[in-house]
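This note's numbering puts the first residue of the sequence shown at 418, with every later residue one more than the last.
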Amino acid sequence: MSAGFVAHTMRGSHWAPRLSRRSRRGEGLRFAILQRRALRLRNGKARSKVELDCENRDAVESIRQNDTFDSSSDALLRLVCVGDVHGQWTEDDARCLAQLCPDAVLFVGDFGNEAVDVVRQICALREKHRVALVFGNHDAFYSASRHGQRKCPYERSKEDRVLHQLELAQAVNASYTSIPLQHPADSPAPLVAVGGRPFSHGGPQWRHQEFFRHYLQVTSIEHSARLLIRALDEVDTHSAIVLLAHNGPSGLGEEASSICGKDFGDNPGGDFGDTDLRAALNHAREVGRRVPLVVFGHMHRKLARGAGERTMVIQEHDTVMLNTAVVPRVVTSAAHGTMHHFSVVTMRNEHVGAVHEVWLSPSGRSREILTMYHNPSALERPTLSFP
418 MSAGFVAHTM RGSHWAPRLS RRSRRGEGLR FAILQRRALR LRNGKARSKV ELDCENRDAV
478 ESIRQNDTFD SSSDALLRLV CVGDVHGQWT EDDARCLAQL CPDAVLFVGD FGNEAVDVVR
538 QICALREKHR VALVFGNHDA FYSASRHGQR KCPYERSKED RVLHQLELAQ AVNASYTSIP
598 LQHPADSPAP LVAVGGRPFS HGGPQWRHQE FFRHYLQVTS IEHSARLLIR ALDEVDTHSA
658 IVLLAHNGPS GLGEEASSIC GKDFGDNPGG DFGDTDLRAA LNHAREVGRR VPLVVFGHMH
718 RKLARGAGER TMVIQEHDTV MLNTAVVPRV VTSAAHGTMH HFSVVTMRNE HVGAVHEVWL
778 SPSGRSREIL TMYHNPSALE RPTLSFP
């Protein structure tokens, strides 16, 4: 049977925010050291005992069995995806996350305008959950461009918030590398996240050259594509891959309402996807790698000038493309208090079975669940249950 889509309704800046030449080589070497240290952390004890933040394992099994028509068959995997945060992350979000009992949590970046405290909170989630993230353009808002530097509220000669974020996230930052989304004991070939270009502003142009050279030692879109392809090739050939990026790949439509369509500026319309991510995805398919899911954000669901909403889920070949950028992701109502947005992906046998849009209250008393995508060949019923 072919996968089907369910229409959705609910509640959504594009910015391109010059670096001084201060210690460029030294900072580049420091980032390389951070990457090596992160690999040691991922392969060591720090990643060996991640547990779900649920009251008990029976509750987790109850959720898994309700998600599928045959609880005795292959286990399901639940990925909780968090769209552009833009400063909206508190302990209430952590409480909501605990209700969802994720196997892994994926963040697509834009945590805020170089919001170090928000990044710190999110990185701390790895004590309870398996976490992978990438950074977005707003995470370098005051550093990547002259425009942003003119607005900078802190002294960049004394403080480097971009580097601080990179240091905090070294164990969970997936960009140009891979992070297992399952413990090896749970699967002989665990699902793996490979991260796209960090701090992406989207579109076909290579922007902020000095910034990328300084912090990441990346010199062009083609160079970025080569790094992504190398990361893909280093993943065990038995593992399926989830591509995690701030912006989605190019080639997914040119309408303003397309999943990565340009909806801003004097002439809306055009493909604003990342060409390096597309090159990596095409390479994976050419060499026979399985990429069942690409998760990203950046292009908000609410279109500019009140022009409606964009498409948020599509399928291309055997890959589900999921845009998680629902902004604001926290809303308040008199009836329910704060409601927090998450996208929940249920996978079975390395295929996406269902994607749900979920709005939760921290208390758990209020929930709204919408089915965005369902593949009945992987999952008979697209139900999503809670303990």
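Every residue, glycine too, gets a C-beta built ideally from N, C-alpha and C.
The structure displayed is predicted, hence computed values, not measured ones.
#### Entry: For residue 564, three-class secondary structure by DSSP
Residue 564 sits at position 147 when you count from the first residue of the sequence shown. Helix.
### Task
Check the DSSP bridge columns for residue 776 and list the partner residues they point to.
As a working mapping, residue 776 is identified with position 359 in the sequence shown. The partner list for residue 776 (beta bridge, DSSP) reads 758 and 785.
### Query
How many whole angstroms separate the CB atoms of residue 591 and residue 549, which I take to be in contact at a CB cut-off of 8 Å?
Walking along the sequence shown from the start, residue 591 turns up at place 174. Walking along the sequence shown from the start, residue 549 turns up at place 132. The beta-carbon separation of residue 591 and residue 549, rounded to 5 Å, stays under the 8 Å limit for a contact.
### residue 533 beta carbon less than 9 Å from that of residue 578
Here residue 578 is taken as the residue at index 161 of the sequence shown, counted from 1. Here residue 533 is taken as the residue at index 116 of the sequence shown, counted from 1. Here residue 578 is near residue 533, since their CB atoms are less than 9 Å apart.
### Query
Sorted by chain position, which residues of the same chain lie with C-beta nearer than 7 Å to residue 778's C-beta, five sequence neighbours on each side aside?
Reading the sequence shown from its first residue, position 361 is the one you call residue 778. Excluding residues within five positions, the ones whose Cβ falls inside 7 Å are 753, 754, 755 and 756.
### Query
For residue 734, which residues of its own chain have a beta-carbon under 8 Å away from its beta-carbon, when the five flanking residues on both sides are left out?
Locating residue 734 in the sequence shown gives position 317, counting from the first residue. Once the five neighbours on either side are set aside, the close Cβ partners of residue 734 are 702.
### Query
Below 9 Å between beta carbons: does that hold for residue 571 and residue 648?
Stepping through the sequence shown from its first residue, residue 571 is reached at position 154. Stepping through the sequence shown from its first residue, residue 648 is reached at position 231. Not a contact, by the Cβ cut-off of 9 Å.
### Beta carbon of residue 632 nearer than 9 Å to that of residue 669
The residue labelled residue 632 in the question sits at position 215 within the sequence shown. The residue labelled residue 669 in the question sits at position 252 within the sequence shown. Against a cut-off of 9 Å, the Cβ pair of residue 669 and residue 632 comes out as no contact.
### Query
In three-state terms, what does DSSP make of residue 768?
The count along the sequence shown starts at 1 and reaches residue 768 at position 351. Reduced to three states, the DSSP call for residue 768 is strand.
### Query
Rounded to whole angstroms, how far is the Cβ of residue 615 from the Cβ of residue 663, which I believe are closer than 8 Å?
By 1-based counting over the sequence shown, the position of residue 615 is 198. By 1-based counting over the sequence shown, the position of residue 663 is 246. Going by Cβ atoms, the distance from residue 615 to residue 663 rounds to 7 Å, so yes, they are a contact pair.
### Task
List the residues that DSSP assigns as beta-bridge partners of residue 383.
For the chain, the structure presents residues 418 to 804; residue 383 sits outside this window and is missing.
### Cβ shell of residue 770 (< 7 Å), same chain only, five flanking positions each side left out
What you label residue 770 is simply residue 353 of the sequence shown in a count that begins at 1. Result list for residue 770: 763, 764, 792, 795 and 796, in chain order.
### Task
Return the CA-CA distance between residue 698 and residue 566, expressed in angstroms with no decimal places.
As a working mapping, residue 698 is identified with position 281 in the sequence shown. As a working mapping, residue 566 is identified with position 149 in the sequence shown. Their Cα atoms are separated by approximately 34 Å.
### Alpha-carbon spacing of residue 439 relative to residue 724, whole angstroms
By one-based count along the sequence shown, residue 439 stands at place 22. By one-based count along the sequence shown, residue 724 stands at place 307. With a pLDDT of 41 at residue 439, under the threshold of 50, the modelled position of this residue cannot be trusted; read the value that follows with caution. Rounded to whole angstroms, residue 439 and residue 724 show a C-alpha spacing of 43 Å.
### Residue range of the alpha helix (DSSP H) that includes residue 697
Here the question's residue 697 lines up with position 280 in the sequence shown. Its alpha helix (DSSP H) spans residues 692-703.
### Task
Taking residue 595 as part of the beta strand (DSSP E), name the residues at either end of that continuous run.
Here residue 595 corresponds to residue number 178 of the sequence shown, with the count starting at 1. Here the beta strand (DSSP E) through residue 595 covers 595-597.
### Inter-stretch contact at 8 Å, needing at least 3 Cβ pairs: the region 673-693 / the region 648-660
They do not touch, by the three-pair rule.
### Task
Please name the residue, chosen from 536, 606, 605 and 543, that lies closest to residue 502 on a Cα-to-Cα basis.
Locating residue 502 in the sequence shown gives position 85, where the first residue counts as 1. Ranked by how close their Cα comes to the Cα of residue 502, the residues 536, 606, 605 and 543 have 536 in first place.
#### Entry: Residue interval of the alpha helix (DSSP H) (run including residue 711)
As a first step, residue 711 is located in the sequence shown; it is residue number 294 there, counting from the start. Where residue 711 is concerned, there is no enclosing alpha helix (DSSP H), although the beta strand (DSSP E) it sits in stretches over 710-713.
### Task
Using the Cα positions of residue 559 and residue 521, report the straight-line distance between them to the nearest angstrom.
Against the sequence shown, residue 559 aligns to sequence position 142. Against the sequence shown, residue 521 aligns to sequence position 104. So the two alpha carbons sit approximately 30 Å from each other.
### Query
Going by DSSP, which residues form a beta bridge with residue 750?
Within the sequence shown, numbered from 1, the residue matching residue 750 stands at position 333. Its beta-bridge partners are 754.
### Task
Can you give me the Cβ contacts of residue 636 inside the same chain, cut-off strictly under 8 Å, excluding the 5 residues immediately before and after it?
If you number the sequence shown from 1, residue 636 lands on position 219. Cβ within range, chain order: 626, 629 and 630.
### Query
With 16 as the cutoff for other CB atoms within 10 Å, does residue 650 come out buried or exposed?
Against the sequence shown, residue 650 aligns to sequence position 233. Residue 650 should be labelled exposed.
#### Entry: Boundaries (first-last residue) of the beta strand (DSSP E) holding residue 737
Within the sequence shown, numbered from 1, the residue matching residue 737 stands at position 320. Run containing residue 737: 736-740, per the beta strand (DSSP E) assignment.
### Task
Per DSSP, which residues does residue 719 bridge with? Please list them.
Translated into the one-based positions of the sequence shown, residue 719 becomes position 302. In the DSSP output, where bridge partners are listed per residue, residue 719 has 726.
### Query
From which residue to which residue does the beta strand (DSSP E) around residue 521 run?
Counted from its first residue, the sequence shown places residue 521 at position 104. That run of the beta strand (DSSP E) goes 521-524.
### Task
Kindly identify the DSSP beta-bridge partner or partners of residue 610.
If you number the sequence shown from 1, residue 610 lands on position 193. DSSP, once it has assigned bridges, lists 596 and 659 as partnering residue 610.
### Query
Which residues share a DSSP beta bridge with residue 666?
Reading the sequence shown from its first residue, position 249 is the one you call residue 666. Beta-bridge pairing links residue 666 to 691.
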